[in-house]
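Student: Before I ask anything, here is the structure I am working with.
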Amino acid sequence: MSTEGRWVHTPPRPSATFDDYAIAEIHRAAATGIYDIRGFGAKRKVPHFDDLLFLGASMSRYPLEGYRERCATDVMLGTRFAKKPIHLRIPITIAGMSFGSLSGPAKEALGRGASALGTSTTTGDGGMTDEERLSSKTLVYQMLPSRYGMNPDHLRKADAIEIVIGQGAKPGGGGMLLGQKISPRVAKMRTLPEGIDQRSACRHPDWTGPDDLEIKIEELREITDWEKPIYIKIGAARPYYDTALAVKAGADVVVLDGMQGGTAATQEVFIEHVGIPILAAIHPAVQALQDLDMHRKVQLIVSGGIRNGADVAKALALGADAVSIGTSALIALGDNAPHLEEEYAKIGTRAGCYDDWHEGRDPAGITTQDPELMKRFDPAEGGRRLANYLSVLTLEAQTIARACGKSHVLNLEPEDLVALTVEAAAMAKVPLAGTNWIPGKDASL
Numbered sequence: 206m207s208t209e210g211r212w213v214h215t216p217p218r219p220s221a222t223f224d225d226y227a228i229a230e231i232h233r234a235a236a237t238g239i240y241d242i243r244g245f246g247a248k249r250k251v252p253h254f255d256d257l258l259f260l261g262a263s264m265s266r267y268p269l270e271g272y273r274e275r276c277a278t279d280v281m282l283g284t285r286f287a288k289k290p291i292h293l294r295i296p297i298t299i300a301g302m303s304f305g306s307l308s309g310p311a312k313e314a315l316g317r318g319a320s321a322l323g324t325s326t327t328t329g330d331g332g333m334t335d336e337e338r339l340s341s342k343t344l345v346y347q348m349l350p351s352r353y354g355m356n357p358d359h360l361r362k363a364d365a366i367e368i369v370i371g372q373g374a375k376p377g378g379g380g381m382l383l384g385q386k387i388s389p390r391v392a393k394m395r396t397l398p399e400g401i402d403q404r405s406a407c408r409h410p411d412w413t414g415p416d417d418l419e420i421k422i423e424e425l426r427e428i429t430d431w432e433k434p435i436y437i438k439i440g441a442a443r444p445y446y447d448t449a450l451a452v453k454a455g456a457d458v459v460v461l462d463g464m465q466g467g468t469a470a471t472q473e474v475f476i477e478h479v480g481i482p483i484l485a486a487i488h489p490a491v492q493a494l495q496d497l498d499m500h501r502k503v504q505l506i507v508s509g510g511i512r513n514g515a516d517v518a519k520a521l522a523l524g525a526d527a528v529s530i531g532t533s534a535l536i537a538l539g540d541n542a543p544h545l546e547e548e549y550a551k552i553g554t555r556a557g558c559y560d561d562w563h564e565g566r567d568p569a570g571i572t573t574q575d576p577e578l579m580k581r582f583d584p585a586e587g588g589r590r591l592a593n594y595l596s597v598l599t600l601e602a603q604t605i606a607r608a609c610g611k612s613h614v615l616n617l618e619p620e621d622l623v624a625l626t627v628e629a630a631a632m633a634k635v636p637l638a639g640t641n642w643i644p645g646k647d648a649s650l
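In structure tokens form, the structure reads like this:
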């Protein structure tokens, strides 16, 4: 355009498709010829629990008095077949995070914090450490495709067994552990050479479907005298059918992990473009259990982006029996802490955006095998912080349940929820706020 004989240019406008991050990724790929590996979980904006609201009691519902009327939080897991189902005081568990990915003191701290609140921890890939078993009153032993650290004696020492089929951050893919984190102790536990990168298998070596898995579960029950609940963990992809097949195979508990779930390391393209949000996954899984007349008989644990008590309460209201936390538990221990900002800057990142858990240089001493960095972390203090966090999550969930007139957090139900967006309403199968409309309610799964 011309103004008084001069051309005035409009300012350049960034592309919504080729934004700064996309351009930087293209330059990085062109310069290196390799895909990017990082930790954490999906960072893209997807429908999540924030898109739901509770309908508290007023005239048509009667709330509970917070200081005089009880709101219970306990949950039983593994009631279908196990001789010794697990009784937890709170419906919030600690997800599987391996020794190798995490330091030994960090695993101990997870056990301390969880035990203080009467809940469970999970081993993750790579086997069971003595510190973890001693600090965890209730410990779930994960069996992954890699079979790293697999030990029948540890199966018997565990309180439950979790067969991992998939993980929310990478359903259909295996894990990674870079060589700098394969210390002599990690190498011995996993039967790996020290200092060499390893990539875990993406599928189990000894079965190829639910019929084979049923046989494997029978073997595990015989090894453990039918005492231990058997969990099956699935990454959220086709939750209706995967949940139904897990029930068919004989699961006591189904663990459903959405794409917001974290990982120590995998390809970023995997994290951001494979799987579905946990908000979209819960209803199909619950529907599968209901169609099989197994809802509440086979327990459902959901994970992926749980941050606060409202998230916990919303997951329970949608039909879960419990939730599981991983990334938020690490943050509670002290990772991504603002007081370490200068330390994060030295390794090219910042607190709150720390993706490089796989590189083993965590200044908090949590996701590392470096002896000097591990000295920075106090497992007793970390356990105390985690216990505080779990306590707050529980109190927040109770506060919401009482406001909805519920005497137990598991009495929350979809009728207590509305959605703020059409997408969230369609995914969670609850009405759009201010209406009785549930988009796609009559659509097939």
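Quick note: to get the working numbering, add 205 to the position in the sequence shown (first position is 1). For every residue, glycine included, the Cβ atom is placed at its ideal position computed from N, Cα and C.
So is residue 317 buried or exposed if we call it buried at 16+ other beta carbons inside 10 Å?
Tutor: buried
Student: With the cut-off set at 7 angstroms, would you say residue 468 and residue 244 are in Cβ contact?
Tutor: Yes, the pair counts as a contact, with Cβ atoms nearer than the cut-off.
Student: Short check: CB of residue 328 to CB of residue 346, under 7 angstroms?
Tutor: yes
Student: Please report the distance separating the alpha-carbon of residue 643 from that of residue 634.
Tutor: 6 angstroms
Student: DSSP state of residue 416, grouped into three classes?
Tutor: helix
Student: Check whether the segment 557-571 and the segment 235-252 are in contact - that is, three or more C-beta pairs closer than 8 angstroms.
Tutor: yes
Student: Any idea what DSSP makes of residue 289, helix, strand or coil?
Tutor: coil
Student: Straight-line CA distance for residue 516 to residue 383?
Tutor: 33 angstroms
Student: In the DSSP assignment, find the unbroken alpha helix (DSSP H) run with residue 603 in it and report its ends.
Tutor: The continuous alpha helix (DSSP H) containing residue 603 extends over residues 584-608.
Student: Over the uninterrupted alpha helix (DSSP H) stretch that includes residue 192, give me the two end residues.
Tutor: The shown model of the chain, from 206 to 650, leaves out residue 192, and the question about it has no answer.
Student: So residue 241 and residue 473 are in contact, right, with Cβ under 8 angstroms, and what is the actual spacing, rounded?
Tutor: Confirmed, Cβ separation roughly 5 angstroms.
Student: Given 8 angstroms as the limit, is there contact between the segment 249-259 and the segment 429-438, that is, 3 or more CB pairs closer than that?
Tutor: no
Student: Would you kindly report the start and end of the unbroken beta strand (DSSP E) that includes residue 503?
Tutor: Unbroken run through residue 503: none, as it is neither H nor E.
Student: Using only CA atoms, which one of 527, 541, 339 lies nearest to residue 533?
Tutor: The shortest C-alpha separation from residue 533 is found at 541.
Student: Run through DSSP, which three-state label would residue 650 get?
Tutor: With a pLDDT of 48 at residue 650, under the threshold of 50, the modelled position of this residue cannot be trusted; read the value that follows with caution. Three-state result, residue 650: coil.
Student: In whole angstroms, give me the CA-to-CA distance for residue 651 and residue 218.
Tutor: Outside the displayed range of the chain (206 to 650) lies residue 651, so it cannot be described from this structure.
Student: Hey, out of 297, 255, 224, 253, whose CA is closest to residue 600's CA?
Tutor: 297
Student: Which of the three DSSP states, helix, strand or coil, is assigned to residue 367?
Tutor: For residue 367, the secondary structure class from DSSP, reduced to helix, strand or coil, is strand.
Student: Using a Cβ-Cβ cutoff of less than 6 angstroms, which residues in the same chain neighbour residue 393 once the five nearest sequence positions on both sides are dropped?
Tutor: If we look at residue 393 and ignore the five residues flanking it on each side, it has no Cβ neighbours.
Student: Can you give the Cα-Cα distance for residue 413 and residue 555, rounded to whole angstroms?
Tutor: Put simply, the backbone Cα of residue 413 is about 42 angstroms away from that of residue 555.
Student: Would you be able to state if there are at least three C-beta pairs under 8 angstroms between the segment 336-345 and the segment 362-370?
Tutor: yes
Student: Cβ atoms of residue 610 and residue 267: under 7 angstroms apart, would you say?
Tutor: Yes, these two residues count as a Cβ contact at 7 angstroms.
Student: Near residue 395, which residues of its chain fall below 6 angstroms by C-beta distance, leaving aside the five closest residues on each side in sequence?
Tutor: 331, 353, 354
Student: Compare the Cα-Cα distances from residue 359 to each of 335, 462, 563 and report the closest residue.
Tutor: 335
Student: Where are the beta strand (DSSP E) runs, 3 residues long or more, that stay fully inside the segment 397-461, in chain order?
Tutor: Scanning the segment 397-461 for uninterrupted beta strand (DSSP E) segments of 3 residues or longer gives 435-440, listed from N- to C-terminal end.
Student: In chain order, what residues of the same chain have a beta carbon less than 6 angstroms from the beta carbon of residue 485, not counting five sequence neighbours either side?
Tutor: Residues 632 of the same chain have their beta carbon placed closer than 6 angstroms to that of residue 485, with the five preceding and five following residues left out of the count.
Student: Rounded C-beta distance between residue 371 and residue 406? I'm assuming under 8 angstroms.
Tutor: Going by Cβ atoms, the distance from residue 371 to residue 406 rounds to 12 angstroms, so no, they are not a contact pair.
Student: Taking 6 angstroms as the limit between beta carbons, can you name the residues of its chain near residue 373, skipping five residues before and five after?
Tutor: 440, 441, 462, 463, 464, 466, 480, 509
Student: Since residue 326 is in the beta strand (DSSP E), which residue starts that stretch and which ends it?
Tutor: Its beta strand (DSSP E) spans residues 325-327.
Student: Under 7 angstroms between the Cβ atoms of residue 385 and residue 553?
Tutor: Note that the C-beta distance between residue 385 and residue 553 is not below 7 angstroms.
Student: Residue 523: which of 548, 537, 495, 251 sits nearest, CA to CA?
Tutor: Of 548, 537, 495, 251, the residue nearest in Cα terms is 495.
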